[in-house]
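In full-length UniProt numbering, the protein residues as written are 1 to 685.
Glycine included, each C-beta is placed from N, C-alpha and C at the ideal position.
Here is the structure:
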């Protein structure tokens with residue numbers, strides 16, 4: 001008896017996750033983490049000694065402490081310094097950017113769990129808050145939520161009780177259950193002077209006390225403004241008198257065009273005025289785009305400049321301490337984004353966004369081709385001219401998976417921002433499909449697919465609409481909503497009848513076959529698979545042949561044509577081996593093993609499961625490895641090789657526990673229980 005046949009519905013159950021120790025993260029885990037590298041703690045913190053003492057007293061005594069203050073008062077610096085010097089807990093940091101957006105909670109929690117080395121294969125997005133609390137019940141963390149916007153946003157990201165939570169916000173957040181609030185304001189004149197001395201030396205600051213006072217007042221005695229001003233003076237070797245004049249001049253100009261704090265704008269304006277033309281333009285455009293961080297190649301596309309010119313501009317911005325760069329990824333300080341964006345014209349913003357979108361489309365196309373070579377076909381035009389792209393290849397597919405995982409949040413932000421006015425933006429959700437197929441990150445899949453359909457339909461792009469409807473329907477099929485998927489697939493098929501997108505038509509026929517099989521419309525499903533197979537055979541695209549044949553085998557078996565089902569599954573495996581893509585080979589072995597298992601040939605099933613395991617272990621497909629171990633255990637049980645069966649079940653349960661997939665662990669428990677209580681052959685003592 002195949003217990004999983006009766007328990008498959010458990011996959012969608014929400015259940016409490018048991019805490020587990022840190023494990024090696026899966027290479028292709030379904031993560032789209034919120035880009036969140038903790039800022040570097042300042043080496044010296046001036047004028048905040050009292051606030052540090054308050055944090056020492058209140059953190060631990062209260063579940064949550066809020067640090068509140070206007071822009072530039074040093075909230076992030078205070079919290080970063082305290083975390084660095086006053087706690088040993090593991091830091092989980094997220095910059096919420098002062099906004100609340102769809103998918104933000106899921107993305108932030110995915111990032112947190114990724115840092116805790118928790119794989120999220122098959123975790124329902126709705127279960128992430130509970131899983132996060134479960135995991136943090138077994139470890140000590142300090143959660144820093146920077147630039148929070150609302151109480152519900154914060155409450156959804158809380159760890160288990162007993163952990164430390166620090167929240168920063170520009171204004172008090174109503175209904176936030178903070179046990180204590182630390183309010184930050186401007187520094188005193190003495191503290192502001194001391195901060196300037198850290199940049200310029202006591203002698204320079206003491207030369208003209210009145211000019212020093214003018215500088216501190218121009219900066220509003222705000223730590224961020226003073227840091228920018230002090231760095232500017234040190235870099236340009238300005239006296240306090242010259243710095244005061246520069247700040248006052250900049251303030252008179254900046255206050256006319258900005259809506260942010262005028263004193264902070266004075267320091268920003270003075271520093272901005274000192275930038276070269278290219279650095280200033282790069283600064284403006286960095287503030288006007290929606291992504292939290294950008295690769296340097298993406299910045300080159302944003303500013304439409306040669307890479308050498310872009311890197312020189314970024315180096316200049318880094319010297320001015322206006323950006324942070326980690327692992328070739330550039331982040332504009334959050335307090336500067338509004339100011340930077342306000343300096344850019346509407347035309348400049350539009351051109352920059354279009355260039356950035358073009359770069360992401362081209363890069364995800366390259367990553368997708370590393371995962372499934374030429375899967376999209378020629379109908380989706382990708383413009384790579386003049387772009388610097390990351391290099392991906394089939395031999396290094398893990399790098400493609402890692403890039404897609406790290407950039408999924410940025411892709412979502414771009415597609416949301418492009419919903420109106422960028423007709424090509426539908427390509428981004430479609431070209432992400434190979435990664436989404438592997439990762440099964442359902443919330444992001446659904447969001448991207450939905451937006452893609454909306455953009456393509458509004459643009460009147462028939463190729464885009466047909467592809468996006470197929471994309472959306474695939475997500476519905478994966479969520480077992482095939483009756484809802486079928487009308488979208490039929491609309492896609494109707495559109496393809498008017499187009500020359502043969503590859504897209506084949507993929508839609510394939511998807512129709514899968515959904516029709518799911519609702520037991522087997523004759524039509526078989527026809528759809530055969531149409532898709534004909535295209536892939538005629539174009540000699542063997543990857544597609546293997547995918548279709550593996551699914552067709554299930555339909556044929558359901559129709560009672562077992563001989564042809566085996567022929568299809570074996571041909572799929574043969575093609576996968578010829579193509580040489582390991583995940584495709586392991587999938588084909590596993591599927592053929594299941595077919596043998598269902599038809600009673602357990603020895604053959606064991607052989608295929610064992611070969612699938614070798615590949616899945618080699619390429620760190622942890623969830624798939626556990627799934628194959630479970631199938632192997634059932635096959636061993638049917639062969640009365642009970643010790644081996646229990647060992648396979650133990651390995652499967654261990655991995656599912658490691659991945660916090662309690663639904664699949666319950667399937668393993670049921671399989672084990674069935675093995676224990678099912679009638680066994682009589683044995684004489």
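C-beta atoms of residue i and residue j nearer than 9 angstroms
| i | j | result |
| --- | --- | --- |
| residue 54 | residue 146 | no |
| residue 360 | residue 272 | no |
| residue 578 | residue 588 | no |
| residue 216 | residue 192 | yes |
| residue 656 | residue 626 | yes |
| residue 235 | residue 293 | no |
| residue 622 | residue 110 | no |
| residue 342 | residue 274 | no |
| residue 592 | residue 567 | no |
| residue 630 | residue 603 | no |
| residue 557 | residue 545 | no |
| residue 317 | residue 282 | yes |
| residue 401 | residue 436 | no |
For residue j and residue i, believed in contact at Cβ under 8 angstroms, the rounded distance
| i | j | result |
| --- | --- | --- |
| residue 278 | residue 305 | 7 angstroms |
| residue 451 | residue 416 | 7 angstroms |
| residue 372 | residue 434 | 5 angstroms |
| residue 555 | residue 517 | 5 angstroms |
| residue 165 | residue 63 | 6 angstroms |
| residue 610 | residue 595 | About 16 angstroms; that fails the 8 angstroms criterion. |
| residue 149 | residue 74 | That pair is no contact at about 19 angstroms. |
| residue 443 | residue 125 | 4 angstroms |
| residue 310 | residue 296 | 7 angstroms |
| residue 91 | residue 154 | Not a contact, Cβ separation roughly 17 angstroms. |
| residue 233 | residue 222 | Contact doesn't hold; Cβ gap of about 16 angstroms is too wide. |
Environment of residue i [buried if 16+ CB atoms lie within 10 Å]
| i | result |
| --- | --- |
| residue 227 | buried |
| residue 358 | buried |
| residue 501 | buried |
| residue 494 | exposed |
| residue 189 | exposed |
| residue 658 | buried |
| residue 424 | buried |
| residue 551 | buried |
| residue 637 | buried |
| residue 677 | exposed |
| residue 643 | exposed |
| residue 186 | buried |
| residue 583 | buried |
| residue 673 | exposed |
| residue 163 | buried |
Straight-line Cα distance separating residue j from residue i
| i | j | result |
| --- | --- | --- |
| residue 231 | residue 214 | 17 angstroms |
| residue 534 | residue 312 | 52 angstroms |
| residue 134 | residue 201 | 50 angstroms |
| residue 355 | residue 376 | 22 angstroms |
| residue 131 | residue 108 | 13 angstroms |
| residue 300 | residue 363 | 13 angstroms |
| residue 199 | residue 315 | 20 angstroms |
| residue 540 | residue 580 | 15 angstroms |
| residue 686 | residue 669 | Residue 686 is absent from the model: the chain starts at 1 and stops at 685. |
| residue 158 | residue 218 | 39 angstroms |
| residue 459 | residue 426 | 9 angstroms |
| residue 365 | residue 428 | 8 angstroms |
| residue 624 | residue 291 | 32 angstroms |
| residue 21 | residue 83 | Annotation note: pLDDT 34 at residue 21 (below 50); position unreliable, coordinate value reported separately. Distance between the alpha carbons of residue 21 and residue 83: 23 angstroms. |
| residue 180 | residue 475 | 44 angstroms |
| residue 29 | residue 395 | Legend: pLDDT at residue 29 = 37, less than 50; position of this residue unreliable, no value from coordinates given. |
| residue 203 | residue 249 | 25 angstroms |
| residue 399 | residue 72 | 38 angstroms |
| residue 95 | residue 335 | 11 angstroms |
| residue 46 | residue 194 | 7 angstroms |
| residue 350 | residue 384 | 19 angstroms |
| residue 381 | residue 477 | 27 angstroms |
| residue 7 | residue 553 | Unreliable positioning characterises residue 7 in this predicted model, as indicated by a pLDDT of 32, which lies under 50. A coordinate reading is not provided. |
| residue 345 | residue 280 | 13 angstroms |
| residue 526 | residue 559 | 10 angstroms |
| residue 430 | residue 408 | 13 angstroms |
**Request:** Return the chain-ordered ranges of every alpha helix (DSSP H) run that is complete within the stretch 67-117 and spans a minimum of 4 residues.
**Result:** Whole alpha helix (DSSP H) segments, 4+ residues: 75-86, 104-115.
**Asked** Taking the runs of the beta strand (DSSP E) that are 3 residues or longer, which of them lie wholly in the stretch 533-567?
**Response** Taken in chain order, no unbroken stretch of beta strand (DSSP E) lies wholly in the stretch 533-567 with a span of 3 residues or more.
**Item:** Contiguous alpha helix (DSSP H) assignments of at least 4 residues, all confined to the UniProt repeat "TPR" (586-619)
**Value:** You should have 602-618.
**Request:** Note down, one range per segment and in chain order, each beta strand (DSSP E) of at least 3 residues found wholly within the stretch 339-424.
**Result:** Qualifying beta strand (DSSP E) stretches: none in this window.
**Continuous beta strand (DSSP E) assignments of at least 3 residues falling wholly in the stretch 129-182** = The qualifying runs are 141-146, 164-169.
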